[in-house]
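Numbering (the UniProt record's numbering), first residue to last: 1 to 307.
Encoded structure:
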């Protein structure tokens, strides 16, 4: 009967895979080279196949080792996640708030709100993670986060969903562009313009493409990016105009850019999401209130000088 694997053997195997040499693995584990070699050989004996080919003191992973390392790497990621959760629980003794959000609010809206929250609640530990919508939905439903900000098109298991209504995309254009003199940019104004798009995979990009086709507007989509921040940099370089999320647009302070309302309005359907059937902490409730107050078009545009 083969012996069961030990965690120490797996650590040695992982260290050799990461460092590429037994000596490097020994340094990483603070062990001697013979001890690391012995752990790896014991692991091979337990598995019944070789993990490394050994020629002239060099070790080369076998195809089996490469496959096994994928699973080992996932296990270590899970272990790190457990350690972070344990730390959060310890920090939670004095209050903790875990937030997951898509790029727009994570990079533009939340830093300002969270900074204000931290001044009012200095004993609360706060963590903000920029995640895609699918990741936010999954991890908030699994109670790994207290609140999330993301796209939500339909009900999702394990979540309480609170839409943030009335948000809409905004037009960003170079300061010297003729349309910058207008308070509102309209769909017909895009005739002949070079557009920079968030892509058909985004709400804004898909809706704009549909409107242009329906109205027969001849505008050229010259470039595409998945982040509003990238489009803003392109606009500042004179590459074209862009419709982006309202959080990023409202936070722009670049004198080379102007922000304008767009008609017809293109809704930006974002929601706050919470773990279902979980009582909300005082910290979660307070930050949620701050988000509700700040995530409206009047509030987002109130401080802009270029209106």
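Yeah, the Cβ is synthetic: ideal placement off N, Cα and C, and Gly gets one too.
Cβ-Cβ separation, residue j to residue i (assumed contact under 8 angstroms), whole Å
i: residue 149; j: residue 102; result: 6 angstroms
i: residue 260; j: residue 171; result: 5 angstroms
i: residue 273; j: residue 152; result: 6 angstroms
i: residue 196; j: residue 231; result: 5 angstroms
C-beta contact flag for residue i and residue j at 8 angstroms
i: residue 223; j: residue 240; result: yes
i: residue 25; j: residue 32; result: no
i: residue 278; j: residue 143; result: yes
i: residue 137; j: residue 156; result: yes
i: residue 44; j: residue 29; result: no
i: residue 164; j: residue 263; result: no
i: residue 36; j: residue 52; result: no
i: residue 131; j: residue 108; result: no
i: residue 76; j: residue 14; result: yes
i: residue 67; j: residue 169; result: no
i: residue 284; j: residue 147; result: yes
i: residue 191; j: residue 166; result: no
Outcome for residue i when other beta-carbon atoms lying within 10 angstroms are tallied against a minimum of 16
i: residue 258; result: buried
i: residue 245; result: buried
i: residue 93; result: In this prediction, residue 93 has a pLDDT of 47, which is less than 50 and means its spatial position is unreliable; what the coordinates show is noted afterwards. Exposed, because fewer than 16 other Cβ atoms sit within 10 Å of the Cβ of residue 93.
i: residue 275; result: buried
i: residue 60; result: exposed
i: residue 78; result: exposed
Segment limits, beta strand (DSSP E) that includes residue i
i: residue 54; result: 52–55
i: residue 100; result: 96–101
i: residue 275; result: 270–275
Continuous alpha helix (DSSP H) stretch holding residue i: start and end
i: residue 266; result: Here residue 266 belongs to no alpha helix (DSSP H), and DSSP marks it neither H nor E.
i: residue 301; result: 297–301
i: residue 289; result: 282–294
Within-8 angstroms CB hit, residue i to chain B
i: residue 63; result: Protein chains in the displayed structure number just one, and chain B is not present.
Please go through the segment 195–257 and give each complete beta strand (DSSP E) segment of 3 or more residues, from N-terminal end onward. Restricting attention to beta strand (DSSP E) runs no shorter than 3 residues, the segment 195–257 encloses them at 220–224, 241–244, ordered along the chain.
Output the residue ranges of the beta strand (DSSP E) runs that lie fully inside the segment 119–189 and measure 3 residues or longer, sorted by chain position. Listed in chain order, the complete beta strand (DSSP E) runs (minimum 3 residues) inside the segment 119–189 are 125–130, 147–151, 159–164, 170–174, 184–186.
Could I get the ranges of all uninterrupted alpha helix (DSSP H) runs contained in the UniProt domain "HTH lysR-type" (5–62), with 4 residues as the minimum, in chain order? Listed in chain order, the complete alpha helix (DSSP H) runs (minimum 4 residues) inside the UniProt domain "HTH lysR-type" (5–62) are 7–19, 22–29, 33–47.
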